[in-house]
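Asks: Let me give you the structure first, and then I'll get to my questions.
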Amino acid sequence: MRAKQTVRGHANIWTLRPMQTQNPLLKKPNEAVVMFPKIGKLTAYGRKFYVSLMREAQQHLLAKAAKGEVFEATDFFKEPLTNIIRPISKPSSNLVEVTKQYVREMQSTQVEWSAPDADAGVIWDSMVLVSQAKIELENGKLYLLWAFPPDMVNALKDPKRFTLIAPEDLVNLKSYAAVALYEICARYADNLSQRTSKKPKEWWVSALTGDSHKTSARSKESAKPREWRKFKGESVVPAIEEINKETGLQVELIEIKEGKAVVDIQFKVARKSKFKLDPTQAHIEAAKLDIPAQDITNYLGGGGSQEEALLILAKMKARIEDETKDPVPNRRSYFAAIVRKTNIGDNSETSNAVSKEETTNKEQGAAADQNVAITTNARMNAHVLGLSEDVALPLLEKAKQHLSEKKMLTPTFAKRLAEKNWRTGPIFHMVVDLYATENIGPEWRNLASEEIKSQLARLQQNAADK
């Protein structure tokens, strides 16, 4: 791997990332999956080129973060042109001209972004895709140097919710609608619902169209979106055929009607069997608890990490093995409830996946078992958040010891504990449980809200008396 360089005439440049045994997937932030061009035109190849740039940039950022280095606003990414072009296009005899074409396209196009989820909105406006780019010849090899706008760098650095995309999956897609639809459908390929969000037909026309029909900010507003019936026949149906033929996804159009009129659109999506993702350790542990592999894939695909999934499964295992409590009647519902309660990798599709036919009285009892302590947990969480450092530090040591004994002390958890960064995520919930168990008892979650309120008042008084 080559280190950070300062080249005459340029700012800092982040160059070759560590060698990979296979091409890594892009963790594309969900809020950047849907692109609405507002000025200019984005082609299928331009969008694929952008995905390739995003993956390379993300790998540079990860490598840099692992070394404790900081990416500055004036820094450039740097990668051989062939590494960027090869995954998305057939070899070209004129890499320079091809690259110039794509870069100019991205610099002349301004977009709005949106997540494909039903409750998400545009998060930033009018951003050019690439803020600056250069091509250099170094030791007989062509390199592209590029810079993203700061918002994009921050989103790529640490996406909270993301869609896994391999640029190589896009190589045979020819139309812009196919590339755009593939990215949206990839967001849902591993969800239990296996359906995209329902959106108005006008939304889909805009989301699958790369041409804004505006050449500048002064241009008149573009005409109304194309009629769905025509757009469906000319763009959507061919895009579905492309995706189903050329990629690992199988996509099906679903039209929602009011009377005879189509009002909303969604797509059913699934991975073809030979493209199923390899099982992780979380899948293996989940199988031991009779949790379907699809639930874990859905959780990871929604942005949850394997470390968080393992911690949730460990909590679930402890609950199942607790002989002082009633058996868990439906483990799948229980897992989904824990995910919702901890707000990690939360996906609306997970909670909606259990069909009405599966909802029995026992299942409702399992949900009640999770909801009894909502107010209790809220009071306890607020109390622990206010603990002084001298009270919290011993709890962090106990959390570290507990994770170590369970062989779950990952580098991520170890780093957060060392930095005393414990007030969010799974470590926070562990600290809450350790504190409450130590000061109130192991059954603290079963106490009524008013009883917890009384116990916390006692603890606060004891602390004040010291």
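Heads up, the sequence shown is in the working numbering, so the first residue is 18 and it goes up one at a time. For each residue, glycine too, the CB sits at the ideal point set by N, CA and C.
(1) For a test of the three-state rule: what should DSSP assign to residue 217, helix, strand or coil?
(2) Select from 269, 49, 170 and 329 the residue whose C-alpha is nearest the C-alpha of residue 88.
(3) Please state the DSSP three-state secondary structure of residue 316.
(4) Mapping DSSP to helix, strand and coil, what is residue 334?
(5) Just curious, the beta strand (DSSP E) that residue 485 is in, first and last residue?
(6) What residue range does the beta strand (DSSP E) around residue 287 cover?
(7) Have a look at the DSSP bridge pairing and note the partners of residue 150.
(8) Return the first residue and the last residue of the alpha helix (DSSP H) that residue 464 is part of.
(9) Report back the beta-carbon spacing between residue 93 and residue 162 to the nearest angstrom; my notes put them in contact at under 8 Å.
(10) By the three-class DSSP mapping on this structure, what secondary structure does residue 272 have?
(11) What distance in whole Å lies between the Cβ atoms of residue 71 and residue 43, which are believed to be in contact at a cut-off of 8 Å?
(12) Please classify residue 111 as buried or exposed, where buried requires at least 16 other C-beta atoms within 10 Å of its C-beta.
(13) Considering only the beta carbon of each residue, do residue 180 and residue 204 sit closer than 9 Å?
(14) Taking three-plus beta-carbon pairs below 8 Å as touching, is the segment 456-468 in contact with the segment 346-355?
(15) Between the C-alpha atoms of residue 220 and residue 79, what's the straight-line distance to the nearest angstrom?
(16) Please name the residue in 175, 411, 115 and 133 whose C-alpha comes closest to that of residue 283.
(17) So residue 45 is in the beta strand (DSSP E); what residue range does that whole segment cover?
(18) So does the segment 400-415 actually touch the segment 303-310, counting three or more Cβ pairs closer than 8 Å?
(19) Might you give, ordered along the chain, the residues of its own chain that have their beta carbon closer than 6 Å to the beta carbon of residue 299, omitting 5 neighbours on each side?
(20) Assign residue 264 to buried or exposed, taking buried as 16 or more other Cβ atoms, counted over all protein chains shown, within 10 Å of its Cβ.
(21) Using CA atoms only, rank isn't needed, just tell me which of 77, 159, 331 and 146 is closest to residue 422.
(22) Thinking residue 126 and residue 154 are a contact (beta carbons under 8 Å), I'd like their distance in whole angstroms, please.
(23) Going by C-alpha to C-alpha distance, which of 118, 277, 178 and 73 sits closest to residue 185?
(24) Might you give, ordered along the chain, the residues of its own chain that have their beta carbon closer than 7 Å to the beta carbon of residue 75, omitting 5 neighbours on each side?
(25) Residue 346 lies in the alpha helix (DSSP H); which residues open and close that run?
(26) Give the DSSP-derived three-state secondary structure of residue 477 in the structure shown.
(27) For residue 275, which of 218, 244, 420 and 287 has the nearest alpha-carbon?
(28) Helix, strand or coil for residue 425? Go by DSSP, reduced to three states.
(29) Do residue 144 and residue 175 have their C-beta atoms within less than 9 Å of each other?
(30) Cutting at 8 Å between CB atoms, please list the residues of its own chain near residue 69, excluding the five before and the five after it.
(31) Using 9 Å as the threshold, is the C-beta distance between residue 192 and residue 255 below it?
(32) Can you name the residues that DSSP bridges to residue 158?
(33) Please state the DSSP three-state secondary structure of residue 228.
(34) Should residue 64 be labelled buried (16 or more other beta-carbon atoms within 10 Å of its own) or exposed?
(35) At what residues does the beta strand (DSSP E) containing residue 179 begin and finish?
(36) Quick check on this structure: which residue in 99, 281, 196 and 116 has the alpha carbon closest to the alpha carbon of residue 157?
Replies: Checking against the coordinates, here is how it stands:
(1) strand
(2) 170
(3) helix
(4) helix
(5) Residue 485 cannot be examined here, being either before or after the span of the chain that is shown, 18 to 483.
(6) Residue 287 -> beta strand (DSSP E) spans 278-288.
(7) 163
(8) Segment: none, residue 464 is in no alpha helix (DSSP H) and carries neither H nor E.
(9) Indeed, because the Cβ distance is near 4 Å, the residues count as touching under 8 Å.
(10) strand
(11) 6 Å
(12) Burial call: exposed.
(13) yes
(14) no
(15) 34 Å
(16) 133
(17) 43-46
(18) no
(19) 313, 323, 326 and 327
(20) Buried.
(21) 331
(22) In fact, because the Cβ distance is near 27 Å, the residues do not count as touching under 8 Å.
(23) 73
(24) 43, 44 and 173
(25) That residue, residue 346, is in no alpha helix (DSSP H); it is neither H nor E in DSSP.
(26) In the structure shown, residue 477 falls within a helical segment according to DSSP collapsed to helix, strand and coil.
(27) 218
(28) coil
(29) no
(30) So the qualifying residues of the chain are 101, 102, 104, 105 and 184.
(31) yes
(32) In the DSSP output, where bridge partners are listed per residue, residue 158 has 155.
(33) strand
(34) buried
(35) Segment 179-182, the beta strand (DSSP E) holding residue 179.
(36) 99
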